[in-house]
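Scroll down for the structure; my scribbles are underneath it.
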Amino acid sequence: MTQSTPRAHRLAEIVAKLGGELVGSPDIEIRGMATLESAEPGDLAFVASAKYLEQLNGTRASAVILARAQGGATRLPRILCDDPYVYYARAAQLLSPVERPSAGIHPQAVIEAGAQVASSASVGPFCHVGRGARLGERVVLGAGCAIGEDAQLDEDARLGPSVTVYPRCVIGKRTLIHAGAVVGADGFGLAPQAGRWIKIPQTGRVVIGDDVEVGANTTIDRGALDDTVIEDGVKLDNQIQIGHNVRIGAHTAIAACAGIAGSTRIGKHCAIGGAARIMGHIEIADRVTVTATSFVTKSIRTAGTYTAVLPAEPGREWARNLANLRGLDRLSKRVRELETGSKSKTKKRKR
Amino acid sequence: MTQSTPRAHRLAEIVAKLGGELVGSPDIEIRGMATLESAEPGDLAFVASAKYLEQLNGTRASAVILARAQGGATRLPRILCDDPYVYYARAAQLLSPVERPSAGIHPQAVIEAGAQVASSASVGPFCHVGRGARLGERVVLGAGCAIGEDAQLDEDARLGPSVTVYPRCVIGKRTLIHAGAVVGADGFGLAPQAGRWIKIPQTGRVVIGDDVEVGANTTIDRGALDDTVIEDGVKLDNQIQIGHNVRIGAHTAIAACAGIAGSTRIGKHCAIGGAARIMGHIEIADRVTVTATSFVTKSIRTAGTYTAVLPAEPGREWARNLANLRGLDRLSKRVRELETGSKSKTKKRKR
Amino acid sequence: MTQSTPRAHRLAEIVAKLGGELVGSPDIEIRGMATLESAEPGDLAFVASAKYLEQLNGTRASAVILARAQGGATRLPRILCDDPYVYYARAAQLLSPVERPSAGIHPQAVIEAGAQVASSASVGPFCHVGRGARLGERVVLGAGCAIGEDAQLDEDARLGPSVTVYPRCVIGKRTLIHAGAVVGADGFGLAPQAGRWIKIPQTGRVVIGDDVEVGANTTIDRGALDDTVIEDGVKLDNQIQIGHNVRIGAHTAIAACAGIAGSTRIGKHCAIGGAARIMGHIEIADRVTVTATSFVTKSIRTAGTYTAVLPAEPGREWARNLANLRGLDRLSKRVRELETGSKSKTKKRKR
Numbered sequence: 000m001t002q003s004t005p006r007a008h009r010l011a012e013i014v015a016k017l018g019g020e021l022v023g024s025p026d027i028e029i030r031g032m033a034t035l036e037s038a039e040p041g042d043l044a045f046v047a048s049a050k051y052l053e054q055l056n057g058t059r060a061s062a063v064i065l066a067r068a069q070g071g072a073t074r075l076p077r078i079l080c081d082d083p084y085v086y087y088a089r090a091a092q093l094l095s096p097v098e099r100p101s102a103g104i105h106p107q108a109v110i111e112a113g114a115q116v117a118s119s120a121s122v123g124p125f126c127h128v129g130r131g132a133r134l135g136e137r138v139v140l141g142a143g144c145a146i147g148e149d150a151q152l153d154e155d156a157r158l159g160p161s162v163t164v165y166p167r168c169v170i171g172k173r174t175l176i177h178a179g180a181v182v183g184a185d186g187f188g189l190a191p192q193a194g195r196w197i198k199i200p201q202t203g204r205v206v207i208g209d210d211v212e213v214g215a216n217t218t219i220d221r222g223a224l225d226d227t228v229i230e231d232g233v234k235l236d237n238q239i240q241i242g243h244n245v246r247i248g249a250h251t252a253i254a255a256c257a258g259i260a261g262s263t264r265i266g267k268h269c270a271i272g273g274a275a276r277i278m279g280h281i282e283i284a285d286r287v288t289v290t291a292t293s294f295v296t297k298s299i300r301t302a303g304t305y306t307a308v309l310p311a312e313p314g315r316e317w318a319r320n321l322a323n324l325r326g327l328d329r330l331s332k333r334v335r336e337l338e339t340g341s342k343s344k345t346k347k348r349k350r
Numbered sequence: 000m001t002q003s004t005p006r007a008h009r010l011a012e013i014v015a016k017l018g019g020e021l022v023g024s025p026d027i028e029i030r031g032m033a034t035l036e037s038a039e040p041g042d043l044a045f046v047a048s049a050k051y052l053e054q055l056n057g058t059r060a061s062a063v064i065l066a067r068a069q070g071g072a073t074r075l076p077r078i079l080c081d082d083p084y085v086y087y088a089r090a091a092q093l094l095s096p097v098e099r100p101s102a103g104i105h106p107q108a109v110i111e112a113g114a115q116v117a118s119s120a121s122v123g124p125f126c127h128v129g130r131g132a133r134l135g136e137r138v139v140l141g142a143g144c145a146i147g148e149d150a151q152l153d154e155d156a157r158l159g160p161s162v163t164v165y166p167r168c169v170i171g172k173r174t175l176i177h178a179g180a181v182v183g184a185d186g187f188g189l190a191p192q193a194g195r196w197i198k199i200p201q202t203g204r205v206v207i208g209d210d211v212e213v214g215a216n217t218t219i220d221r222g223a224l225d226d227t228v229i230e231d232g233v234k235l236d237n238q239i240q241i242g243h244n245v246r247i248g249a250h251t252a253i254a255a256c257a258g259i260a261g262s263t264r265i266g267k268h269c270a271i272g273g274a275a276r277i278m279g280h281i282e283i284a285d286r287v288t289v290t291a292t293s294f295v296t297k298s299i300r301t302a303g304t305y306t307a308v309l310p311a312e313p314g315r316e317w318a319r320n321l322a323n324l325r326g327l328d329r330l331s332k333r334v335r336e337l338e339t340g341s342k343s344k345t346k347k348r349k350r
Numbered sequence: 000m001t002q003s004t005p006r007a008h009r010l011a012e013i014v015a016k017l018g019g020e021l022v023g024s025p026d027i028e029i030r031g032m033a034t035l036e037s038a039e040p041g042d043l044a045f046v047a048s049a050k051y052l053e054q055l056n057g058t059r060a061s062a063v064i065l066a067r068a069q070g071g072a073t074r075l076p077r078i079l080c081d082d083p084y085v086y087y088a089r090a091a092q093l094l095s096p097v098e099r100p101s102a103g104i105h106p107q108a109v110i111e112a113g114a115q116v117a118s119s120a121s122v123g124p125f126c127h128v129g130r131g132a133r134l135g136e137r138v139v140l141g142a143g144c145a146i147g148e149d150a151q152l153d154e155d156a157r158l159g160p161s162v163t164v165y166p167r168c169v170i171g172k173r174t175l176i177h178a179g180a181v182v183g184a185d186g187f188g189l190a191p192q193a194g195r196w197i198k199i200p201q202t203g204r205v206v207i208g209d210d211v212e213v214g215a216n217t218t219i220d221r222g223a224l225d226d227t228v229i230e231d232g233v234k235l236d237n238q239i240q241i242g243h244n245v246r247i248g249a250h251t252a253i254a255a256c257a258g259i260a261g262s263t264r265i266g267k268h269c270a271i272g273g274a275a276r277i278m279g280h281i282e283i284a285d286r287v288t289v290t291a292t293s294f295v296t297k298s299i300r301t302a303g304t305y306t307a308v309l310p311a312e313p314g315r316e317w318a319r320n321l322a323n324l325r326g327l328d329r330l331s332k333r334v335r336e337l338e339t340g341s342k343s344k345t346k347k348r349k350r
């Protein structure tokens, strides 16, 4: 479920697989990726931005990944490419491939009658797979997962330990869910009557697409009647809360601790910052960025960046800001008096 | 633990059980609830608010629930009632009743000596029930729950998978706790001494009343000395944090990601919005509403709505707001100068 | 794993072990700690602050802990000391010592080949300990923990139920981790390419020092290349999110629901309030306090208190604040016009 011990590759092999222009000996052996600062001989490092160029001097890396325009910044063996950060991602995938546990159902897992588990799937100890659930080819369940009745995990889906998938929910291909995440618990559906809350059965599902990532302890509620939908390629960080009947558009990324209230629709290719909050029952257009900690209270129709960030300041400065904010009514009144005062003076002059 | 496949009911049966006035054939068979938009033949839909009335035109629902005043808005078979949203909740409960797993202790659960499990209770696989714990009639534990020593779950309490109840905590009747919730972990009790933190044993309990709902991955800390108390009928959404020695009054509802710091008391019938934060050691009166994301820093003595929301804006507009806020000191000074200037002028005139 | 039933101690024994000056009979038997308000005979209470002194009148406690200067405030048997709150912590530890489960591996735990478990360690049911993992002396795993391959838990580390420690992570001595916490899930590392996200393997570890506490459902991500580091004595409350490659300095305490974004370094002896947010890639000096809910957006070089708190207000007052904030541009313009107006008048006079 995690990266295996890196396997050594010659620089020539890396370039043969990932492209880029090699400057230096093709036979240098790379055993892993590292930052410029912590690299040891045998490591491949990278320069993702010009501000790190000066770290090239002290690095002990055996080779570096560089943007083509910066090819002259070092005499180290190097791979020149269009996007060093993407190249780093690809090289790291090559050097530290995901290690899958061997196929098979652990003898201490419980598979209920009528569940289908592909022979290439791997089910860890203490997993419970409910009646009618289907686990596709090469699906991996970490220890202690609970898969509800009639849930469906498509091929190559991987779950960390202690993940819960409630009944009838669907997890797409190659989707990765980290430990403690909960998919498909009841949405917060309550009808008020005479000072009490009447529970509304949540009969929709959660449907998660392909190539999605769901962070540790993130929760995605099932729909009240219709489904909650996470489209293909969406990336959710840790401790995110997705309310019932939300739809997250394809390839949108949401950072940790964000919360999306019920029935909201977020477009494709959006970027939602950490701890951002989005009100329920609104719509966010494609390619919208919401900055960390901001609270979106109404629909956003146009791509762009939206924010309401109050940066922390030394206590005394903030106290003054707050006092000023609260004194605005009085300040406004004083300006009005000044305006009226000068007006009346003007009037007097006119007379 | 979740809603079963809906069981078909004739309209006449529904009205016989739930009340309301039936207009149309009593023999129409209803197989489930749906929204007006996604309803198929066989579905019962509802109009919770006048703004959805126009969706009546296109709906394929076999019948709809309507407020009495709106009975003329469609020619579809319909149930007229006082509160269509409450009726929807009741009808959904009728059509999709909670499905309980069969009674009994799974052979792969561990029940420690001295624990009492009612014969009608259902204990899932991989549950651990500690010494002296008591599980009442019809209690349901999902897979992988950990129930600490001397904990008590009253009749009809239901826990989703991977719920932890720490020792000596009490869960009331019919209370429903979703996956990953943690009841009774240590409160954050630390005494500072010479730059280190000394742990304060947390010897109180968590006592949860009847008919409470606790969302997925919500955490409720045990008291330091006295108990943390969640009164009857409280509804807690996902990922809420309740600090030690908090008391939440009956029938208060708290939306996802809210946090209540230690020793705070919240009244009855309050509504706390998503991601709202409430400071420790304060008191909130009954029937207080706190809007989503707001931070309550001092006690609230009077019912009403309290808020401090900054809605996100396009980046440029927000930057201007922030610059204005920070420029207030100077603006205030300029107004003072204008006032002094005009005053001195006035004085001169008076002379 | 939790506090045992308190063991009775005579006041003389307590003072012999913890110091302080005893006034009153040394033979009074103390069975537990309590608050002044809820104490019963047999309980030891404490006055942590002068504002609780008046509660001394009604208390039923058998003895109280008091600051030396307040020794005359009651005639009850009492222990006088320098810091009653610290004394309370120590006395509670004495009266309610941590109860460790008996050593041994539960027959329903799975220990993979090559894992090393000290004979004094206690492994609960449904735990999975991966290949090459090492559990030191007296380590305690609650039910349902998952310990990844080659992870290391040093002596006296204790984990609540359903804790996940991903492969190769390190947990220091006496460190306590509450239920549902996730240590070492993948950091949120993504490289954007052509509108898609490419996953960056997260090959660093999480390294947690000695005497750390990690709250329930808190998540600490593993590093991308280098490690995420939690130094000795750090105290993390519930539902905290620590991003990849963060470093938290020794003896820093962080309250619930806080979030620290990736690659940020927090100094030693800091206090981060509940739901505070700290931006990624910045540095916070030693002894910095960040108030609850504040968002730190840039590095802080100087010890002190930093904040940006907007206290919730009655809805109408807040609406006026917000309108004022948004009207500042216009107000500013009006002040400018007043200034120009008076200036032009002044000029006229000069002519």
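Residue numbers (numbering that gives the first Met the number 0), protein chains in the order written: chain Z, 0 to 350; chain U, 0 to 350; chain G, 0 to 350. We put the CB at the ideal spot given by N, CA and C, even for glycine. These numbers were taken from a predicted model, which means no experiment stands behind them.
I want to verify the contact list: residues of chain G whose CB lies under 7 Å from the CB of residue i, in sequence order.
{"i": "E338 (chain Z)", "result": "R333, L337"}
So which residues on chain G does residue i lean against when the C-beta distance must stay under 9 Å?
{"i": "P40 (chain Z)", "result": "Simply none; closest approach about 16 Å."}
Residues of chain Z with a CB under 8 Å from the CB of residue i: which are they?
{"i": "H325 (chain U)", "result": "According to the sequence displayed, residue 325 (chain U) carries Arg and not His. Chain Z residues near R325 (chain U): N320."}
{"i": "V122 (chain G)", "result": "Per Cβ cutoff of 8 Å: no residues; V122 (chain G) is ~13 Å from chain Z at best."}
{"i": "R89 (chain U)", "result": "I197"}
What residues from chain U crowd round residue i, counting only those whose CB sits closer than 7 Å?
{"i": "D185 (chain Z)", "result": "H177"}
{"i": "Y84 (chain G)", "result": "A190"}
{"i": "S293 (chain Z)", "result": "A311"}
Between the alpha carbons of residue i and residue j, how many angstroms are there, rounded?
{"i": "N56 (chain G)", "j": "T73 (chain G)", "result": "8 Å"}
{"i": "K349 (chain U)", "j": "S331 (chain Z)", "result": "With a pLDDT of 43 at K349 (chain U), under the threshold of 50, the modelled position of that residue is not reliable, and no figure is offered here."}
{"i": "A133 (chain U)", "j": "A150 (chain U)", "result": "With the sequence shown as reference, residue 133 (chain U) is identified as Arg, and Ala is not the correct amino acid for it. Near 6 Å, if we compare the C-alpha coordinates of A150 (chain U) and R133 (chain U)."}
{"i": "E148 (chain G)", "j": "T163 (chain G)", "result": "12 Å"}
{"i": "G303 (chain U)", "j": "T288 (chain U)", "result": "6 Å"}
{"i": "S48 (chain G)", "j": "A254 (chain G)", "result": "22 Å"}
{"i": "I176 (chain U)", "j": "I13 (chain U)", "result": "29 Å"}
{"i": "L10 (chain G)", "j": "Y86 (chain G)", "result": "13 Å"}
{"i": "W196 (chain Z)", "j": "P124 (chain G)", "result": "38 Å"}
{"i": "P355 (chain G)", "j": "P191 (chain U)", "result": "Limits of chain G in this structure are 0 at one end and 350 at the other, which puts residue 355 (chain G) out of reach."}
{"i": "C144 (chain Z)", "j": "T218 (chain U)", "result": "20 Å"}
Please state if the CB of residue j and the CB of residue i are separated by a distance shorter than 8 Å.
{"i": "A120 (chain Z)", "j": "R137 (chain Z)", "result": "yes"}
{"i": "A38 (chain G)", "j": "I64 (chain G)", "result": "no"}
{"i": "T296 (chain G)", "j": "V308 (chain G)", "result": "no"}
{"i": "I241 (chain U)", "j": "G208 (chain U)", "result": "no"}
What whole-angstrom Cβ distance do residue i and residue j have, given they're in contact under 8 Å?
{"i": "G354 (chain G)", "j": "G113 (chain G)", "result": "Residue coverage of chain G in this structure runs from 0 to 350, which leaves residue 354 (chain G) outside it and unanswerable."}
{"i": "G186 (chain Z)", "j": "R221 (chain Z)", "result": "6 Å"}
{"i": "V206 (chain U)", "j": "V169 (chain U)", "result": "5 Å"}
{"i": "A257 (chain U)", "j": "D231 (chain U)", "result": "A257 (chain U) to D231 (chain U), Cβ: 19 Å. No contact."}
{"i": "R276 (chain G)", "j": "A274 (chain Z)", "result": "5 Å"}
{"i": "L337 (chain U)", "j": "L337 (chain Z)", "result": "5 Å"}
Can you pull the chain Z residues whose beta carbon is under 7 Å from the beta carbon of residue i, in chain order?
{"i": "D236 (chain U)", "result": "F187"}
Determine the chain U residues that contact residue i at a beta-carbon separation under 9 Å, and present them in chain order.
{"i": "M278 (chain G)", "result": "Those do not exist, as M278 (chain G) stays about 16 Å from chain U at its closest Cβ, beyond 9 Å."}
Identify the contact partners of residue i in chain U, using a Cβ-Cβ distance below 8 Å as the criterion.
{"i": "S95 (chain G)", "result": "P200, T202"}
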